[in-house]
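Just below is one structure, and these are the notes that go with it.
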Amino acid sequence: MAVLQDTSLQRLNALVDWLRDRVPFYRERLPDARLKNLEEIAGLPFTVKDDFRTNYPFGLFAVPLGEIVRLHMSSGTTGKPVVTGYTRSDLEVWADCMERVLLAADVKPDDVVQNAYGYGLFTGGLGFHIGAERIGCTVVPTSSGVTARQVMLMQDLGTTILACTPSYALVLAEALGELDVRRELKLRAGFFGAEPWTDGMRGQIESGLGLEAFDIYGLTELGGPGVAVECHQHDGLHIFEDHFFAETVDPDTGKPVARGKEGELVLTSLTRRGTPVLRYRTRDLTILSDGPCKCGNPFVRMLKVRGRTDDMLKVRGVNIFPSQVEELLLSVPGLTGNYQLVVDRTEQKHDEMQVLVEAKEGSGHDRLAEAARGRIKEMVGLTVEVTVLSPGVLPRTEGKARRVIDRRELDG
Ligand SMILES: [Zn+2]
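Numbering-wise, the sequence shown is residues 415 to 826 according to this note's numbering.
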């Protein structure tokens, strides 16, 4: 779209000026010349997660704290958290983007939105909150956790829209199944993000909760959710290109990757003022698709994220993503999306991967294990040990699921 390209180029040049003038970190790195076309962005430096850590807490801020009205940050389980700041206008833009996310499912003022994303420093809770309020929905800010109360409120309040992590959606589906109350609910759509999930998982969430599941995308470094959302076609997520400029690059060389080919997603926030980010390396692997979408939305689509470059496991020389294993497990009827991968190294320095997965029923586990082992061997070329467990054995999570336990790091 030529109009969009002109807008993106204008906004990109304005952003480069803004960063050069205001953030010493960028001033040292950015050239003085203006970009003549969007392709020239490939000559500008990347921003990486470590840059947030080295400049913690306010080094990447482009306005004085007096203009910042909100801070959010990542969980910071390893080292210092990533801090992002919002001006009043940033919050307006965020609310606009989150409104757009919800409109993908035709959310209206009479919808009851149960927001089971965590409220607090995490962007998910308050992000959905401001978007739903902008539309005028009835927002129920349950935050994450207390599953029995979530289910009670869904029933009593007639919740129509659910927002939470996909792994917590499975926990809720399970709770509904046990109580056998799904038919009484009014749920019709749900928004699930903050961790990658597969189409196999979509089937489990949709049948378990009785709703249409939408994948969303965003990350703290770019201000949280509200970067991209699926349309009703569920064939990739439309990126809000008027606010975010998207590229894909080769994760090893950083060189641009052609549209239609898999690469690491790199995002630039075009309209943020508080902590705008230039060419942020998300470490998420995806394909950008220019092809027209049946829904008519001209924004480029990012296909479902296959995994994060740092989630990729190397087991006996084979590269494997947890999402690949998830897809294969869910292709075996009788298995669920509750799984864990345990990677260990034997005394002979031999890598071993054990797959723990729950079955839907308490019996027939040997047959299911054999089927899963066969599928993984066939599709990934790796012989792994599969242990099928009874329903409810693996730990449940209210936020992001811990899918991989890599014991190799412990003994070097
Ligand atoms: Zn579409």
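From the three backbone atoms N, C-alpha and C, an ideal C-beta is built for every residue, glycine too. As the structure is a computational prediction, the values presented were derived from the model and not from experiment.
Assigned exposure category for residue i - 16 Cβ within 10 Å defines buried
{"i": "Lys566", "result": "Reading off the sequence, residue 566 comes out as Met, not Lys. Exposed, by the Cβ-count rule."}
{"i": "Asn529", "result": "buried"}
{"i": "Glu784", "result": "exposed"}
{"i": "Ile819", "result": "exposed"}
{"i": "Thr579", "result": "buried"}
{"i": "Arg821", "result": "exposed"}
{"i": "Gln618", "result": "buried"}
{"i": "Thr667", "result": "exposed"}
{"i": "Gln419", "result": "exposed"}
{"i": "Asp431", "result": "exposed"}
{"i": "Glu799", "result": "exposed"}
{"i": "Pro706", "result": "exposed"}
{"i": "Gln754", "result": "buried"}
{"i": "Gly622", "result": "buried"}
{"i": "Ala672", "result": "exposed"}
{"i": "Asp825", "result": "Only weak support exists for where Asp825 lies, its pLDDT of 48 falling under 50; the coordinates are left without a value."}
{"i": "Leu593", "result": "exposed"}
{"i": "Phe472", "result": "exposed"}
{"i": "Val417", "result": "exposed"}
Residue i versus the options, residue with shortest Cα-Cα distance
{"i": "Val526", "options": "Ile575, Asp758 and Val595", "result": "Ile575"}
{"i": "Ala546", "options": "Tyr531, Gly617, Lys774 and Pro523", "result": "Pro523"}
{"i": "Leu743", "options": "Asp765, Ala786, Gly674 and Leu684", "result": "Ala786"}
{"i": "Pro736", "options": "Val794, Glu655 and Val746", "result": "Val794"}
{"i": "Thr573", "options": "Arg563, Ser581 and Thr579", "result": "Arg563"}
{"i": "Ile630", "options": "Val437, His652 and Val800", "result": "His652"}
{"i": "Thr750", "options": "Met767, Leu782 and Thr537", "result": "Leu782"}
{"i": "Pro690", "options": "Ser503, Glu453 and Leu571", "result": "Ser503"}
{"i": "Asp520", "options": "Val746, Ile549 and Glu792", "result": "Ile549"}
{"i": "Gly748", "options": "Met726, Ser777, Ala587 and Leu796", "result": "Ser777"}
{"i": "Phe542", "options": "Leu517, Val560 and Met716", "result": "Leu517"}
{"i": "Asp725", "options": "Pro610, Leu599, Arg602 and Val507", "result": "Pro610"}
{"i": "Tyr470", "options": "Arg686, Pro459 and Phe439", "result": "Phe439"}
{"i": "Asp649", "options": "Asp704, Val680 and Val595", "result": "Asp704"}
{"i": "Cys551", "options": "Met716, Val483, Glu513 and Pro712", "result": "Glu513"}
{"i": "Gly559", "options": "Tyr531, Gln569 and Leu535", "result": "Tyr531"}
{"i": "Met615", "options": "Asp758, Leu458, Arg789 and Ser745", "result": "Ser745"}
{"i": "Val515", "options": "Gly534, Glu453, Phe654 and Gly591", "result": "Phe654"}
{"i": "Glu588", "options": "Arg816, Lys814, Val807 and Arg817", "result": "Val807"}
{"i": "Arg789", "options": "Gly813, Thr760, Thr811 and Glu741", "result": "Glu741"}
{"i": "Asp698", "options": "Val643, Arg817, Met767 and Leu717", "result": "Leu717"}
{"i": "Thr797", "options": "Glu812, Ile734, Lys814 and Gln762", "result": "Ile734"}
C-beta contact flag for residue i and residue j at 9 Å
{"i": "Asp465", "j": "Leu474", "result": "yes"}
{"i": "Val802", "j": "Val771", "result": "yes"}
{"i": "Pro639", "j": "Gly604", "result": "no"}
{"i": "Pro670", "j": "Thr682", "result": "no"}
{"i": "Arg693", "j": "Thr461", "result": "yes"}
{"i": "Met487", "j": "Pro478", "result": "no"}
{"i": "Ala773", "j": "Pro809", "result": "no"}
{"i": "Val739", "j": "Asp765", "result": "no"}
{"i": "Asp664", "j": "Ser422", "result": "no"}
{"i": "Ala509", "j": "Ile544", "result": "yes"}
{"i": "Leu449", "j": "Leu426", "result": "yes"}
{"i": "Val714", "j": "Leu702", "result": "yes"}
{"i": "Leu601", "j": "Gly624", "result": "yes"}
{"i": "Leu599", "j": "Thr561", "result": "no"}
{"i": "Glu678", "j": "Thr723", "result": "yes"}
{"i": "Leu429", "j": "Leu684", "result": "yes"}
{"i": "Thr498", "j": "Val483", "result": "no"}
Short CB-CB distance (under 9 Å) between residue i and chain C
{"i": "Ala627", "result": "The structure shown contains no chain C, having only a single protein chain."}
Contact test: residue i Cβ vs ligand 1 heavy atom, cutoff 8 Å
{"i": "Gln647", "result": "yes"}
{"i": "Lys718", "result": "no"}
{"i": "Gly650", "result": "yes"}
{"i": "Arg616", "result": "no"}
{"i": "Asn711", "result": "yes"}
{"i": "Arg822", "result": "no"}
{"i": "Lys450", "result": "no"}
{"i": "Arg514", "result": "no"}
{"i": "Arg434", "result": "no"}
{"i": "Arg715", "result": "yes"}
Range of the contiguous beta strand (DSSP E) that encloses residue i
{"i": "Thr662", "result": "Phe658 to Val663"}
{"i": "Tyr440", "result": "No beta strand (DSSP E) contains Tyr440, which is instead part of the alpha helix (DSSP H) from Pro438 to Arg441."}
{"i": "Tyr531", "result": "Here Tyr531 belongs to no beta strand (DSSP E), and DSSP marks it neither H nor E."}
{"i": "Leu727", "result": "Leu727 to Val729"}
{"i": "Leu485", "result": "Ile482 to Met487"}
{"i": "Glu626", "result": "Glu626 to Leu633"}
{"i": "Arg695", "result": "Tyr694 to Ser703"}
{"i": "Gly677", "result": "Glu676 to Ser683"}
{"i": "Ala577", "result": "Ile575 to Cys578"}
{"i": "Asp765", "result": "Asp765 to Ala773"}
Extent of the continuous alpha helix (DSSP H) to which residue i belongs
{"i": "Thr561", "result": "Thr561 to Leu571"}
{"i": "Asp464", "result": "Lys463 to Thr468"}
{"i": "His779", "result": "His779 to Val794"}
{"i": "Val643", "result": "From DSSP, Val643 is part of no alpha helix (DSSP H) but of the beta strand (DSSP E) over Gly638 to Glu644."}
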